Structures are given as structure tokens and as C-alpha cells.
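A quick write-up on the structure given underneath.
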Amino acid sequence: MHRRFFRIVGLLGVLATITHPLSGQERFDIVVYPYATAHRGEWELEGHLSYSSRGTNGFDGTVAPTQGQWRLAAEVSRGITDHWELSAYLLGAQTPGLGLDYAGWRLRSRVRAPDAWRLPVGLGFSAEYETARPAFSESARTLELTPILERRFGPLQVLANPTLERDLAGPEHEWEFEPRARAGVDVSKSLTLGFEYYGVFESAQQKHQYYPTADLRFGNDMTLHLGVGFGGASAGDRLVFKTRFEMPLGGER
11 MHRRFFRIVG LLGVLATITH PLSGQERFDI VVYPYATAHR GEWELEGHLS YSSRGTNGFD
71 GTVAPTQGQW RLAAEVSRGI TDHWELSAYL LGAQTPGLGL DYAGWRLRSR VRAPDAWRLP
131 VGLGFSAEYE TARPAFSESA RTLELTPILE RRFGPLQVLA NPTLERDLAG PEHEWEFEPR
191 ARAGVDVSKS LTLGFEYYGV FESAQQKHQY YPTADLRFGN DMTLHLGVGF GGASAGDRLV
251 FKTRFEMPLG GER
């Protein structure tokens, strides 16, 4: 099983290097969406925090440089049914020279196929609407559509998010392909080691990042996620540290 995990990690690594020189993808929530959703009536809290140690050094139009920037996303989710959840995000950033600033907000709806369908893979779908301030995005409004595919092989989990994103405002209105993928293996009940890939395929360039990760579980109530991301030398975020915590806020289970 561990050999299968390292083969998948190697494949994701090849995908991250077979194209143009690498560059970073700047996201407030650096995560590959899982198949699972919150249960009916259940509330969940997630906090996403990332730090760009090596990023852009100058303004790109109105977009602020990311070198030394902290990015925060606070997310609250509610299970509407056992197969459908709604989430709301509040985004913020701490940028050198600009200070702490509100960055925007986001709404997400995620559904999944019931287990009773007995599909060969876990199948889900996420739709997001995001607003962003000019210092953090060229587009004030963005739509993101994400199919979710998940398969487990014992302790090994494989996830794929072949995401499509489109700017609804700003200079560009074309669809962009932004695939995300994850392979993770349960080392113990409290530790999962993983490897994640994030890409952007635009008409003029391609961007890639890949993250070794670790997930620490504290009982059944809280998970702490840690990761270090590496991009290329040409542009974008080239070294990123990220963390995420998840915890229930109550409600039905």
C-alpha cells in the first residue's frame, strides 16, 4: 500500500514539472476538496492560514506583492442535508507595507452522491462565488466550479478536483482550468501524510505548486493540517507555508 502511495506521489510530481517553468498559485484556502460533507444540521468551523515566504516583489496592476504576505480564510459550514452543505468565508491578509486588510468574501455550495448509489468513486460537486478587493485579485467577482472525485484503497486516499474558474469582472472573462489533486496515506489513527498538487492552465502560461503535507487528528473533534508548498523560480509564490484547522461547532450528527 505504501508503494502505491509513493507511485501516485511520483506521478503528481511529474505532472507538476512536465510543462513550462513553474510559478505559484495564490489562494486563500489551499485545499483539495474531499467527497464528505457536513451532516444534516451540523455546523463546522475551518481556519486557513498561509504565509508566502518567497512571492512576488512588486505590484501587478492593482494586485499587491505577495512576498511576506499572510493570508487568512475563516470558513463556517452548515449541513443542509446529509449530502449538501453551504459554506461562507471571510478573507483577510497581512501585507508588508499595507498592514492587515479585509480581502473579500466567498459563498460555497457542495453536494455529494449518496453512498447508497454504490458508485466506483466518491462523486461530489462544488460551486463557489467569490468577491475580492483590487489589492488581492484582478477580478472583483469570480465563479468556480469543482467536480470532486475520491477513491480509497485501504489506508490510501486519492482525490482529484478538476476545477474550472471564470472571472466575472476585470480584464479577463475566459474559463481557466485549475486542477487540484491529493494522495494521502493513514500512518496511524492520528496521522496522515500526503502530497498535493495545484495548477493553473491559462491561455498564456501555466502555474504549478506541490505540497508535502501532514494531518494531525486530536480525537474525533479537531484536525490540524500542515503543508509546505514549492513553486517555480519565474513568478508567483515559490515557497508557501500553510496550515488549516477543522472543528465541529455543534448541531446534529
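Start counting at 1 in the sequence shown, then tack on 10, and there's your number in the working numbering.
The C-beta atom is built at its ideal place from N, Cα and C for all residues, glycine as well.
Please read all numbers here as calculations on a predicted model, not as lab measurements.
Tell me whether residue 81 is buried or exposed, calling it buried when 16 or more other Cβ atoms sit within 10 Å of its Cβ.
The residue is buried, with at least 16 neighbouring Cβ atoms inside 10 Å.
For residue 212, collect the residues of the same chain with a Cβ closer than 7 Å to its Cβ; drop the 5 residues on either side in sequence, then sort them by chain order.
186
Let me make sure I understand the geometry here. Which of 110, 121, 116 and 154 has the alpha-carbon closest to that of residue 141?
Selected option, being the one with the closest Cα: 116.
Please list the segments of the alpha helix (DSSP H) lying wholly inside the segment 41-85, counting only runs of 4 or more residues, in order along the chain.
The segment 41-85 contains no whole alpha helix (DSSP H) run of 4 or more residues.
According to DSSP, residue 252 sits in a beta bridge with which residue or residues?
60 and 237
Quick one: measure Cβ to Cβ for residue 218 and residue 204, integer angstroms, because I've assumed they're closer than 8 Å.
Not quite, the Cβ-Cβ distance comes to about 17 Å (not below 8 Å), so this is no contact.
At which residue ranges does the segment 124-191 contain complete beta strand (DSSP E) runs of 3 or more residues, listed in the order of the chain?
Taking only runs of at least 3 residues, the beta strand (DSSP E) segments lying wholly in the segment 124-191 are 132-142, 151-163 and 166-177.
Are the segment 158-174 and the segment 40-56 touching by the rule of at least three beta carbon pairs closer than 8 Å?
Yes, the segment 158-174 is in contact with the segment 40-56.
According to the Cβ coordinates, are residue 65 and residue 231 closer than 7 Å?
no
Can you round the beta-carbon distance between residue 318 and residue 76 to whole angstroms, since I take them to be within the 8 Å contact cut?
For residue 318 there is no data in the structure shown, the boundaries of the chain being 11 and 263.
State buried or exposed for residue 169, treating a residue as buried only when at least 16 other CB atoms are found within 10 Å of its CB.
When all chains shown are included, residue 169 counts as buried.
Return the first residue and the last residue of the beta strand (DSSP E) that residue 111 is part of.
109-122
Excluding five sequence neighbours on each side, which residues of the same chain lie with their C-beta closer than 6 Å to the C-beta of residue 105?
74 and 79
Just reading off the beta strand (DSSP E) that residue 93 is part of, what are its end residues?
First-last for residue 93: undefined, no H or E at that position.
Do residue 83 and residue 38 count as a contact pair if the criterion is CB distance below 7 Å?
yes
Roughly how many whole angstroms lie between the Cα atoms of residue 179 and residue 153?
Whole-angstrom Cα-Cα distance: 10 Å.
With a cut-off of 8 Å on the beta carbons, I'd call residue 256 and residue 233 a contact; round off their distance for me.
Going by Cβ atoms, the distance from residue 256 to residue 233 rounds to 5 Å, so yes, they are a contact pair.
If the criterion is Cβ atoms closer than 7 Å, does the pair residue 87 and residue 138 meet it?
Contact: no.
Taking a contact to mean a Cβ-Cβ separation below 7 Å, would you say residue 192 touches residue 206 in this structure?
Going by C-beta atoms, residue 192 is nearer than 7 Å to residue 206.
Using the Cβ count rule (16 or more neighbours within 10 Å means buried), how would you classify residue 69?
Result: exposed.
When you compare each of 183, 175 and 251 to residue 189 by their alpha carbons, which one comes out closest?
175
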